[in-house]
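Peer 1: Following this message is one structure expressed as structure tokens.
2 protein chains.
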Amino acid sequence: MQVTSKQIAEMCGVTRGTVDRALNNRPGISAATRDKILKVADELGYRPHFLAQSLVKGETKTLGIVLFDIHNQIFSQLFHSFEAEARKHGYLTYLVLTNKDQELEVEYIHNLLNRKVDGIAISAVNFGSKFEALLLKAGIPIVSFANRISAKLPYVWIDDKQATKAAVRHIADKGYRRIIFVIPPLRYKGTSNIYVPEQRYKGFLEICGTMPDLQYDIVSDRSYLTSVLQLVTQSQERTAILCSSDIYALEVARHLKAHQVKVPEDAGIMGFDHIDVLRFVDPSLTTIDFQVEEIGRKAAELLIENIRGNDIPLRTNVTYSIVEGESL
Amino acid sequence: MQVTSKQIAEMCGVTRGTVDRALNNRPGISAATRDKILKVADELGYRPHFLAQSLVKGETKTLGIVLFDIHNQIFSQLFHSFEAEARKHGYLTYLVLTNKDQELEVEYIHNLLNRKVDGIAISAVNFGSKFEALLLKAGIPIVSFANRISAKLPYVWIDDKQATKAAVRHIADKGYRRIIFVIPPLRYKGTSNIYVPEQRYKGFLEICGTMPDLQYDIVSDRSYLTSVLQLVTQSQERTAILCSSDIYALEVARHLKAHQVKVPEDAGIMGFDHIDVLRFVDPSLTTIDFQVEEIGRKAAELLIENIRGNDIPLRTNVTYSIVEGESL
DNA sequence: CTGTTAGCGCTTTCAG
DNA sequence: CTGAAAGCGCTAACAG
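If you read the sequences in order, they're chains A and B.
Under UniProt numbering, the residue at position 259 of the first sequence is numbered 259, and the numbers go up by one with no gaps.
Under UniProt numbering, the residue at position 119 of the second sequence is numbered 119, and the numbers go up by one with no gaps.
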């Protein structure tokens with residue numbers, strides 16, 4: 001069924017070593033025999049056996065990427081660019097989805113290591129020193145994104161603190177004196193890796209600290225929609241609602257609308273992520289765009305750099321910018 | 001670095017054959033030696049070398065899935081369920097994205113075959129007998145979806161013809177006497193695999209043939225938005241716009257709105273797919289839901305069944321249903 | 001119950 | 001320039 005180098009060797013009356021020299025055009029072979037071998041190989045439709053090759057070479061030309069969420073569009077966009085970059089360099093990509101299940105995540109990491117992938121990119125939900133150790137002693141390059149795991153592990157993302165500050169400043173510039181920060185993941189503190197939400201939270205607190213005339217609330221409970229509605233309707237002051245992701249912003253917008261709160265007349269809303277589908281929502285959402293495709297591309301690029309033996313930075317930030325919509 | 005079965009054998013003073021028996025608990029070994037071996041293996045953190053195993057067993061416990069689009073949410077939803085089902089059975093999944101590039105698709109298929117995946121699921125853009133032959137002689141199970149390739153290749157999807165007919169009937173029942181079918185992919189006829197759009201087109205024509213008092217137009221040109229707007233504004237009759245996917249429906253809705261055509265007052269809109277993000281659009285879109293997660297799950301399940309040597313049906317339809325929104 | 005041998009398909013020495 | 005031999009790590013068949 002499958003043509004092997006051994007068969008080619010026999011047909012050409014040479015040995016496998018010679019066939020190998022021809023196939024991988026290495027020195028030490030006469031042009032005549034090489035041409036003959038290549039011709040036969042081509043006729044038989046020879047294709048090297050990847051596994052055998054990998055086994056002896058110790059590399060699989062395979063990357064693994066671990067995502068905790070694919071329903072949020074930013075991650076499918078991120079994967080898209082990651083995969084494209086990987087392909088350019090001859091890598092194929094295992095995509096595994098953890099659905100924020102911590103045990104599953106660990107299991108998958110073991111699985112990827114077993115299969116000898118050359119590198120792993122991961123948006124982790126695990127955290128702590130034990131998990132850190134698992135990754136550090138994995139023996140292959142690893143790049144993290146969408147949740148930092150360790151100062152020792154390369155991380156590609158945006159500067160969430162600065163971005164959040166910029167958002168608050170933008171809101172203040174629009175004349176709002178009152179702001180609600182909706183950031184539900186915060187309630188998983190201590191349970192799950194929430195590095196990104198925490199950074200945004202810190203940024204929020206810091207900037208608010210410098211703006212004494214800005215009233216603020218943090219909402220992160222499970223029934224955040226109800227909470228937000230209450231806060232909005234109870235207040236005299238026109239309120240801006242900053243959400244830690246577009247998805248939450250859209251949920252909030254929908255809920256307010258269902259309760260006759262007009263956006264942006266009665267309350268302003270701002271999101272975070274700039275996901276593709278925003279094109280279809282009305283009123284258009286003011287949000288923070290960060291080049292998520294760039295993150296995916298960069299993650300793959302760094303991983304491959306590192307696989308090649310080159311050092312890579314422990315921290316890579318991509319840029320962000322505020323996209324003005326009609327919701328604020 | 002990596003612990004091998006050979007090392008364990010040496011440490012236990014036995015041979016690799018024996019170690020193998022212990023590790024894969026096969027008969028022909030005393031409880032005493034087995035326990036000893038297992039203990040040592042555990043202490044050393046032994047993990048079998050997947051590649052070596054695959055090489056000798058002739059199976060990689062790996063599946064490949066080829067998608068032409070990940071930005072359309074239905075495909076990320078589909079992948080999600082596919083991957084979950086694969087994992088249940090111990091398979092990891094290569095996800096490759098073709099972006100509807102036909103050459104890339106073929107290249108990727110070769111790549112997957114080289115790497116000896118145990119099976120492939122594919123949403124193809126290629127078509128024709130040459131491509132069919134490539135897949136048929138691949139030597140591994142292949143399942144297709146979101147575009148049929150050949151009557152000889154298992155296909156999992158919905159009955160697009162029936163679904164489209166149901167949509168038209170639904171529209172007629174709502175009292176519409178005029179309908180525009182927006183189906184842009186149709187213009188790639190002969191260039192790309194457009195099995196699904198064609199089925200929907202056929203279904204549309206068939207049902208319209210049975211409804212003489214229903215006026216209809218087909219729109220599939222590149223500037224379909226402009227065309228639709230013209231048709232809608234020129235007509236006295238209130239028009240329903242059926243779109244071959246939710247994405248087109250959302251685009252149309254946006255365009256109409258921008259030109260002061262009110263939905264559903266001035267024109268009705270109906271989509272196809274029931275993608276997740278519809279939750280956030282207003283007015284809510286009437287559409288056809290088909291269990292895309294079920295398709296992904298089923299595709300993986302069938303693939304694995306087939307890998308195990310069991311026959312699988314050449315055609316598997318999942319159910320669909322009309323989801324009523326406010327847009328019609 | 002355990003050891004020996006051969007082999008998966010390819011690469012890489014080291015001789016000749 | 002080419003052949004022979006060893007090895008990647010594991011499995012499997014056959015002896016003993």
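Just so it is clear, CB atoms sit at the ideal spot from N, CA and C, and this is done for glycine as well.
Can you tell me which residues form a DSSP beta bridge with T239(A)?
Peer 2: R178(A), A267(A)
Peer 1: Note down, in chain order, each residue of its chain lying with its Cβ closer than 6 Å to the Cβ of T127(A), except the 5 sequence neighbours on either side.
Peer 2: Looking at the sequence shown, residue 127(A) is not Thr but Phe. Only N193 meet the Cβ criterion.
Peer 1: Whole angstroms is fine: what's the gap from I29(A)'s alpha carbon to K100(A)'s?
Peer 2: 55 Å
Peer 1: At a Cβ threshold of 8 Å, is F145(A) touching chain B?
Peer 2: no
Peer 1: Taking only beta-carbon positions, decide if A300(A) is within less than 8 Å of chain B.
Peer 2: no
Peer 1: Per DSSP, G119(A) forms a beta bridge with which residues?
Peer 2: L63(A)
Peer 1: If we require 4 or more residues per run, which alpha helix (DSSP H) segments fall completely within the region 150 to 236 of chain A?
Peer 2: 160 to 173, 195 to 209, 224 to 234
Peer 1: Are D246(A) and R200(A) closer than 8 Å when you measure CB to CB?
Peer 2: no
Peer 1: At a CB distance below 8 Å, what residues from the region 68 to 97 of chain A approach chain B? Give them in sequence order.
Peer 2: Cβ contacts with chain B come from I70, H71, Q73, S76, Q77, F79, H80, E83, A84, R87, L92, T93, Y94, L95, V96, L97.
Peer 1: Taking Y108(B) and Y94(A) to be in contact with their CB atoms under 8 Å, please state how far apart those CB atoms are, rounded to whole angstroms.
Peer 2: 14 Å between Cβ atoms; not a contact.
Peer 1: At what residues does the alpha helix (DSSP H) containing V40(B) begin and finish?
Peer 2: 31 to 44
Peer 1: Rounded to whole angstroms, what's the CA-CA distance from D69(A) to A9(A)? Just pull it up for me.
Peer 2: 49 Å
Peer 1: If you measure between the beta carbons of E83(A) and V96(B), is that distance less than 8 Å?
Peer 2: yes
Peer 1: Given a cut-off of 8 Å, decide if K165(B) and E198(B) are closer than it, judged by their beta-carbon atoms.
Peer 2: no
Peer 1: Taking 8 Å as the cut-off, decide whether the C-beta atoms of H80(B) and I304(B) are in contact.
Peer 2: no
Peer 1: Compare the Cα-Cα distances from V156(A) to each of S220(A), I218(A), A146(A), A22(A) and report the closest residue.
Peer 2: A146(A)
Peer 1: Using a C-beta to C-beta distance shorter than 7 Å, which residues of chain B count as neighbours of D276(A)?
Peer 2: Those are H71, listed as they occur along chain B.
Peer 1: For K130(B) and chain A, any beta-carbon pair shorter than 8 Å?
Peer 2: Output row for K130(B): interface = no.
Peer 1: Hey, does N114(A) have any beta-carbon neighbour from chain B nearer than 8 Å?
Peer 2: yes
Peer 1: To the nearest angstrom, how far is the alpha carbon of D276(A) from that of V106(A)?
Peer 2: 31 Å
Peer 1: With a cut-off of 8 Å, does the C-beta of D282(A) fall near any C-beta of chain B?
Peer 2: yes
Peer 1: For A299(B) and F204(B), I'd like the C-alpha separation in whole angstroms.
Peer 2: 27 Å
Peer 1: Give me the Cα-Cα distance between E265(B) and R279(B), rounded to the nearest whole angstrom.
Peer 2: 21 Å
Peer 1: How far does the alpha helix (DSSP H) with R16(B) in it extend, from its first residue to its last?
Peer 2: 16 to 23
Peer 1: Could you tell me the distance, in whole angstroms, from the CA atom of N25(A) to the CA atom of N111(B)?
Peer 2: 21 Å
Peer 1: Would you mind giving the Cβ-Cβ distance between I269(B) and A253(B), rounded to the nearest angstrom? I have them listed as a contact below 8 Å.
Peer 2: 5 Å
Peer 1: For the structure I just gave you, are there three or more beta carbon pairs, one from the region 116 to 123 of chain B and one from the region 58 to 73 of chain B, closer than 8 Å?
Peer 2: In short, these stretches touch, since the Cβ pair count reaches three.
Peer 1: In the DSSP output, which residue or residues are listed as bridge partners for F145(A)?
Peer 2: Bridge partners of F145(A) according to DSSP: V156(A).
Peer 1: To the nearest angstrom, how far is the alpha carbon of L186(A) from that of S220(A)?
Peer 2: 6 Å
Peer 1: Could you spell out where the alpha helix (DSSP H) holding N111(A) opens and where it closes?
Peer 2: 102 to 114
Peer 1: When the distance is taken between beta carbons, is T239(B) closer than 8 Å to R178(B)?
Peer 2: In this structure, T239(B) lies closer than 8 Å to R178(B) by Cβ.
Peer 1: Can you name the start and end residues of the beta strand (DSSP E) that L92(A) belongs to?
Peer 2: 92 to 97
Peer 1: Report yes if the CB atom of D289(A) is closer than 8 Å to the CB atom of V323(A), and no otherwise.
Peer 2: yes
Peer 1: Considering only the alpha carbon of each residue, which of V261(B), H49(B), L250(B), A41(B) lies closest to D273(B)?
Peer 2: Comparing Cα positions, the closest option is L250(B).
Peer 1: Looking at the strands, I want to know which residues DSSP matches up with D273(B).
Peer 2: According to the DSSP secondary-structure assignment, D273(B) is paired through a beta bridge with D289(B).
Peer 1: Under DSSP, the beta strand (DSSP E) around S321(B) begins and ends at which residues?
Peer 2: 320 to 323
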